[in-house]
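Position 283, counted from 1, in the sequence shown is what our numbering calls 322; the numbers after and before it change by one each time, with no gaps.
No residue lacks a Cβ here, since even glycine has one placed at the ideal position from N, Cα and C.
As the structure is a prediction and not an experimental result, all values here were calculated from the model.
Before any comments, here is the structure.
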Amino acid sequence: MEHARITSLQVAERAGVSQSAVSRVFTPGASASAKTTAKVRKAAEELGYRPNRVARAMITGKSRIIGLIVAYLENQFYPQALERFSNALQEQGYHVLVFTATNSPEKVEEVMRDLLDFQVDGIITASVAVTSDLTVRCNAAGIPVVMFNRGQDGADVNAVTSDNLAGGRKVADFLVRCGHKHIAHISGWEGSSTGRDRCRGFIEGLAAHGREPLMIIDGMYDRDTAAQAARDLMNAPTPPDAIFVGNDHMAFAVMDTLRHELGLQIPQDVAIVGFDDVALAAWPSYDLTTVRQPLNRMVDATVDMLIAQIDEGVVAPRKVAFDGPLIVRGTTRQPKGPET
């Protein structure tokens with residue numbers, strides 16, 4: 040036999056408080072004394088009461104849920120980001136609803152429609168392209184959107200990234216100072232702002248030394264594509280003596296291919312630099328020189344930006360880029376000249 044759902048009124052009667060006091064105890068950010076909170080939670084536990092979040096959302100118009108769309112989780116950077124987002128949003132009294140989507144406009148639009156149906160209070164897109172049309176529709180529905188680790192040219196939307204241009208320049212300058220003559224780039228997907236900006240910064244950084252990239256191959260942010268790019272580069276008439284790889288996820292594939300398939304030594308035969316500084320980059324097996332994305336600062340800024348929009352309504356869109364340091368480890372030689 041099914042048990043009847045325990046109501047907040049029953050909890051209030053057991054605790055000897057008003058029904059509104061029960062509501063305050065179970066509403067994130069609401070005010071309730073420690074004594075009242077203790078009595079209500081004790082009564083709720085004895086009765087087996089669980090607050091009905093759906094009903095509360097219908098009453099308040101707030102679901103306390105943030106939709107997060109991520110392109111793929113194979114890249115080790117995004118599980119770290121998701122954990123940080125979940126913790127940061129829970130501290131603000133929100134929960135995260137995660138969707139995955141490819142970077143096709145049709146798939147992103149389908150997922151955004153689903154999130155609108157879930158009545159989320161806000162949306163974070165992690166490395167997923169958002170069109171201006173989608174942004175307009177979300178704004179019309181009163182649902183703010185913040186892009187994380189991805190910008191969008193011409194889109195009237197908030198965005199938080201690392202300074203990808205500066206990061207690419209740092210890599211170029213560092214490899215030149217290390218004495219490398221033939222420097223190639225396995226870029227991130229050219230359809231993404233991160234891939235384009237890191238590549239552009241790298242080209243500009245080499246140009247500042249009167250140099251050009253030996254070759255640029257689009258690695259598509261894909262492990263297998265990056266591994267094949269490494270084979271193609273090393274089989275070329277003039278192979279590179281250094282490779283800047285557009286993110287750590289691809290860099291690990293490149294390193295595995297060079298070492299275990301082609302029998303090369305890193306950095307003696309070819310130096311490798313990545314981008315992100317995921318936890319795996321510091322492991323002795325990889326010990327990867329890489330540009331660190333300031334993940335905590337990026338996540339905190341994204342959450343602050345989103346909560347401000349939820350609380351204050353429409354605010355002027357902002358684009359924020361955080362500078363990240365180059366972390367020098369064992370996949371590169373020591374530079375010969377002073378830092379510029």
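By a C-beta neighbour count over all protein chains shown, 10 Å radius and 16 as the cutoff for buried, is residue i buried or exposed?
| i | result |
| --- | --- |
| M97 | Any answer about M97 is weak, because its pLDDT of 47 lies below 50 and its placement is not dependable; what the coordinates show is given next. Exposed is the call here. |
| H288 | buried |
| N126 | exposed |
| G249 | exposed |
| E41 | Low confidence applies to E41: its pLDDT is 45, below 50, so where it sits in the model is not reliable enough to give any reading. |
| R103 | buried |
| N203 | buried |
| S59 | exposed |
| R237 | buried |
| D235 | Note on identity: in this sequence residue 235 is Arg, with Asp being the wrong assignment. It counts as buried. |
| V175 | exposed |
| A168 | buried |
| H219 | buried |
| N274 | exposed |
| L297 | buried |
Express the C-alpha separation of residue j and residue i in angstroms, rounding to a whole number.
| i | j | result |
| --- | --- | --- |
| P278 | I305 | 14 Å |
| N114 | S226 | 15 Å |
| A51 | Y133 | 25 Å |
| D343 | R357 | 12 Å |
| K375 | C217 | 5 Å |
| Y88 | H224 | 58 Å |
| T46 | Q129 | 25 Å |
| Q119 | D315 | 11 Å |
| L173 | K146 | 12 Å |
| I366 | G206 | 11 Å |
| R152 | L86 | 38 Å |
| D280 | A269 | 12 Å |
| R44 | T66 | 19 Å |
| D261 | L112 | 12 Å |
| Q16 | L334 | In the structure as shown, the chain begins at 40 and stops at 379. Residue 16 is therefore absent and cannot be evaluated. |
| P183 | F116 | 24 Å |
| T170 | K74 | 50 Å |
| E251 | P323 | 32 Å |
| V56 | A69 | 16 Å |
| V61 | N142 | 44 Å |
| D263 | E351 | 45 Å |
| T370 | I349 | 44 Å |
| L154 | E148 | 10 Å |
| T233 | M186 | 12 Å |
| D156 | V338 | 25 Å |
| P276 | C177 | 52 Å |
| T382 | V196 | Absent from the structure is residue 382, since the part of the chain shown begins at 40 and ends at 379. |
| D271 | L301 | 11 Å |
| F361 | Q267 | 32 Å |
Relative to the C-alpha of residue i, which candidate in the options has its C-alpha closest?
| i | options | result |
| --- | --- | --- |
| Q158 | G181, A281, A73 and D316 | G181 |
| R336 | M273, K375, I162 and V199 | V199 |
| E229 | A140, D280, I256 and S125 | I256 |
| Q131 | C217, R368 and R123 | R123 |
| M294 | P276, A275 and L319 | L319 |
| A211 | T170, Q49, R176 and V312 | V312 |
| A340 | S166, I45, E145 and S201 | S201 |
| I346 | P90, T75, R372 and K101 | K101 |
| I105 | I282, E149, V135 and L112 | V135 |
| A77 | A69, T66 and A54 | A54 |
| G161 | A168, N142, S143 and V137 | V137 |
| F213 | V169, V185, S232 and L245 | L245 |
| P144 | Y325, S231 and G352 | S231 |
| Q373 | L121, V150 and A310 | A310 |
| R368 | I242, Y325, A360 and E243 | Y325 |
| L121 | I222, N188 and A247 | N188 |
| F283 | L303, H221 and V317 | H221 |
Confirm, please, whether the CB-CB distance from residue j to residue i is below 7 Å.
| i | j | result |
| --- | --- | --- |
| A321 | A292 | no |
| L327 | A290 | yes |
| G258 | R208 | no |
| A71 | R80 | no |
| G285 | Q332 | no |
| A140 | I163 | no |
| S166 | A83 | no |
Please confirm whether residue i has its beta-carbon closer than 7 Å to some beta-carbon of chain B.
| i | result |
| --- | --- |
| F291 | No chain B is part of this structure, which consists of one protein chain only. |
May I ask whether a heavy atom of the ligand NAD can be found less than 6 Å away from the beta carbon of residue i?
| i | result |
| --- | --- |
| W322 | Although the ligand NAD was asked about, the structure shown includes no ligands whatsoever. |
Kindly provide the ranges of any beta strand (DSSP E) runs that are 3 or more residues long and lie completely inside the stretch 222-296, ordered along the chain.
222-226, 255-257 and 281-284
May I have a chain-ordered list of the alpha helix (DSSP H) segments no shorter than 4 residues that lie completely inside the stretch 293-351?
334-351
For a minimum of 4 consecutive residues, which ranges assigned as the alpha helix (DSSP H) are wholly contained in the stretch 153-227?
171-179 and 203-216
Every unbroken beta strand (DSSP E) inside the stretch 125-152 [3 residues or more]:
134-139
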